[in-house]
Amino acid sequence: MEDSGAILYQISCLKEMLDQVNEEIESNIQVTREIESEMVKCAEFEAALTTRESLLTKSLYISHFEIDGLLSFIADSRNSLKFLEEELSCLTTKRDEMLKRIEDKRASNFKGRLTRGKTTSW
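Okay, so the sequence shown: first residue is 3 according to my numbering, each after it adds one.
Below is the structure:
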């Protein structure tokens with residue numbers, strides 16, 4: 003009977019050890035699940051960041067394209083402005099020359115009339 007008591011005691015000890023191992027296994031399984039859950043969250047976050055990076059890159063390229071277009075427009079506008087300023091300067095010079103000729107012609111006509119008026123009235 004002592005043997006059966008010893009065997010029961012050993013079985014009881016082995017059962018306690020088995021229960022302890024099962025608890026550790028359950029604990030490890032729970033930790034593994036938490037780690038897997040965090041890994042899924044990280045993967046989702048990484049996917050969201052990749053999508054955001056893609057959108058930002060697209061926005062960057064669009065902005066560069068717009069800036070290049072605006073710089074080209076500015077250069078063309080400056081060239082056009084320079085051309086128009088030169089054209090305006092030429093037109094102003096021509097106008098001034100025409101006004102001077104008209105003024106000179108009027109003065110000459112006026113002098114001619116004065117000269118003719120003096121000679122005929124004496």
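Backbone N, C-alpha and C fix where the C-beta goes; we use that ideal spot for every residue, glycine too.
The C-alpha of LYS84 lies about 54 Å from the C-alpha of PHE47. A straight line joining the alpha-carbon of CYS44 with that of LYS60 spans about 24 Å. Straight-line spacing of the CA atoms in ASN24 and ALA49 works out to 37 Å.
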